[in-house]
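Have a look at the structure below, then the notes.
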Amino acid sequence: MQSAPLPADKLSTAILLKRNDKVILKLWEERVRNTLPAAQHQNSMALADALPELMVQIENSLSVVGFQADKTHAVAKEHANQRASLEGYTLKQVLTEMRMLREVIFEVLEEVGGPLSQRDRDIILHSIETGLVTTGAEFMKFVMEEKNEEIDQSLSTIEKLKSEQKLRDLFVSTLTHDLKSPLTSAKLNLQLIQRKADLPADVIRQAERTLKSLDRVDGMINTLLDANQMRAGKSLSFEMSNYDLAKQVSDLIVEMNQVHGKRFITDIPHHEVMCKLAPEKIQRATENLITNAIKYGDPDTPVAVSLTESPTDVTISVHNQGAPIAAEEQSDVFEPFFRSKSINFNSQSGWGLGLTFVKAIAEGHGGKVILVSKAGHGTTFSMVLPKKGAGKA
């Protein structure tokens, strides 16, 4: 890979990105052609489409005022519409392209400039993830309306439940919650595979995690249905099974460490903690609690994740330092679309559905969520669940 040389005085990430944008897009094109069937028959212009403009938006975000959501959404929407018009593209391939672009950007920038600052890394991640979510939403919308009668009927049902802008907000916010963590993890795991010539056992395990993360994209429609049920005041449906909760939480922390760096202090039993729960639902609820702590906690302090058990119950707790949630708002934080006035959201994205999911999932199992938030002590969310699946089997 030929990249612009780094001068004696280290350049800013924005300048490095601008100087190497053609290198990045060329390397990205080679990889998507070798990986995705739909990309193999496209010319370079059609393949790149709106991505050069997305690179410009990332450069601007890095060099000026930070992440620019409106412009990134517009570029991603244009890209999705173009992809939807090409034969052979699936949602997974469209999302994989965006994920591979993120991978190549980090790979090239770190090669020419060394490790990125946390700020620059967060801006790049946020820009690409926003583009990924918008691209996925727009592409899926086209497929629903034009190519798949069954999915189109589901969309029509959702449209009846939501009014105008609420439908789009719900669709995008749901994708944000369920695509961000697994797809970011998939990108990092794939990097590990591609940087090694052989495939030792640890790399194979990483590849398996990647496949699991991508498979979770296929659950997007089920998540939309969950959101609709919650908004309508209905109970969620659960598929219960017996499994080791300690292993699930430990594996999740491994993934989250890859996404966020080693931010976590854990207290998880080394022995099996067997429960009868809905694994996918518990995974999503725990992810939401951890992501919430990362977003709104003090970035310079660790996030503590613990799992404790009694003869009848298990408790998953996530604690972060930082500004507390005001006492008068604590009863409202689980309401859909709630935005706390006591926390600075200027640099945070989201629609306020994460904790709503957590509460619904806990109560669906016959459990509860406990919030403790005090000045000087930080914030702790604890999800208390019955071991034997007191909820819906």
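Residues 420 to 812, numbered by our numbering, are exactly what the sequence shown covers, in order. Even for Gly, the Cβ is constructed at its ideal location relative to N, Cα and C. These numbers come from a predicted model, not from an experiment.
Check: C-alpha gap between K441 and A723, whole angstroms; Outcome: 42 Å
Check: Closest by C-alpha distance to P743, when choosing among F558, F800, T731, E529; Outcome: F800
Check: Proximity winner among L774, E782, E478, A469, relative to N500 (alpha-carbon distances); Outcome: A469
Check: N676: first and last residue of the uninterrupted alpha helix (DSSP H) it sits in; Outcome: 664-679
Check: Neighbourhood of L425 by C-beta distance below 7 Å, restricted to the same chain and skipping five residues each side; Outcome: In this prediction, L425 scores a pLDDT of 38, lower than 50, which makes its location untrustworthy; the coordinate-derived value is nonetheless stated afterwards. Around L425: V531, G532.
Check: Beta carbon of R682 nearer than 8 Å to that of P619; Outcome: no
Check: Under the three-state DSSP convention, the category G785 falls into; Outcome: coil
Check: Residue environment, D539, which counts as buried when at least 16 other CB atoms sit within 10 Å; Outcome: buried
Check: Under 8 Å between C-beta atoms of E706 and L671; Outcome: yes
Check: Endpoints, beta strand (DSSP E) assigned at E404; Outcome: Residue 404 is absent from the structure shown; the chain starts at 420 and stops at 812.
Check: Strand pairing of N462, partner residues [DSSP]; Outcome: Looking at the DSSP assignment, N462 forms no beta bridge with any residue, so it has no partner.
Check: heavy atom of the ligand ADP below 7 Å from I735 C-beta; Outcome: Absent from the structure shown: the ligand ADP. Ligands present: none.
Check: Residues near G507 in its chain [Cβ-Cβ closer than 8 Å; skip 5 each side]; Outcome: P456, A457, H460
Check: Rounded Cβ spacing between F657 and K700 (contact assumed at less than 8 Å); Outcome: 6 Å
Check: Through-space distance from M675 to E691, alpha-carbon basis; Outcome: 21 Å
Check: Reduced DSSP secondary structure (H/G/I, E/B, other) of P698; Outcome: helix
Check: Contact check, I434 vs I477, beta carbons under 8 Å; Outcome: no
Check: N- and C-terminal bounds of the beta strand (DSSP E) containing S725; Outcome: 722-728
Check: Delimiting residues of the beta strand (DSSP E) encompassing M802; Outcome: 797-805
Check: Buried versus exposed call for G668 [16 or more other C-beta atoms within 10 Å across all chains shown]; Outcome: The residue asked about is misnamed: residue 668 is Val in this sequence, not Gly. So V668 ends up on the buried side.
Check: Buried or exposed (CB count within 10 angstroms, at least 16 for buried), T432; Outcome: buried
Check: Same chain, Cβ closer than 6 Å to E526, five either side skipped, listed in chain order; Outcome: none
Check: Nearest-angstrom Cα separation, counted from H498 out to V788; Outcome: 40 Å
Check: Collapsed DSSP secondary structure at I735 in the structure displayed; Outcome: strand
Check: Burial state of V678 (16 or more Cβ within 10 Å); Outcome: buried
Check: Which listed residue (I780, L473, R450, G773) has its alpha carbon closest to that of H545; Outcome: L473
Check: E786 versus D732 - alpha carbon distance; Outcome: Residue identity check: residue 786 is Gly in the sequence provided, not Glu. If you take the alpha carbons of G786 and D732, they lie about 9 Å apart.
Check: C-beta atoms of V451 and M517 nearer than 8 Å; Outcome: no
Check: Nearest neighbour of S750, chosen from E448, K778, K806 [CA to CA]; Outcome: K778
Check: DSSP beta-bridge partners of K560; Outcome: None, per the DSSP bridge assignment.
Check: Nearest-angstrom beta carbon gap, L436 and L481 [assumed within contact, 8 Å]; Outcome: 7 Å
Check: Given A493 as reference, the closest of W447, T454, A556, R521 once Cα atoms are compared; Outcome: A556
Check: Reduced DSSP category for M659 - H, G, I as helix; E, B as strand; rest coil; Outcome: coil
Check: Reduced DSSP secondary structure (H/G/I, E/B, other) of D539; Outcome: helix
Check: Proximity winner among M559, V475, P698, relative to I780 (alpha-carbon distances); Outcome: P698
Check: Inter-residue Cα distance where the pair is T727 and Q512; Outcome: 40 Å
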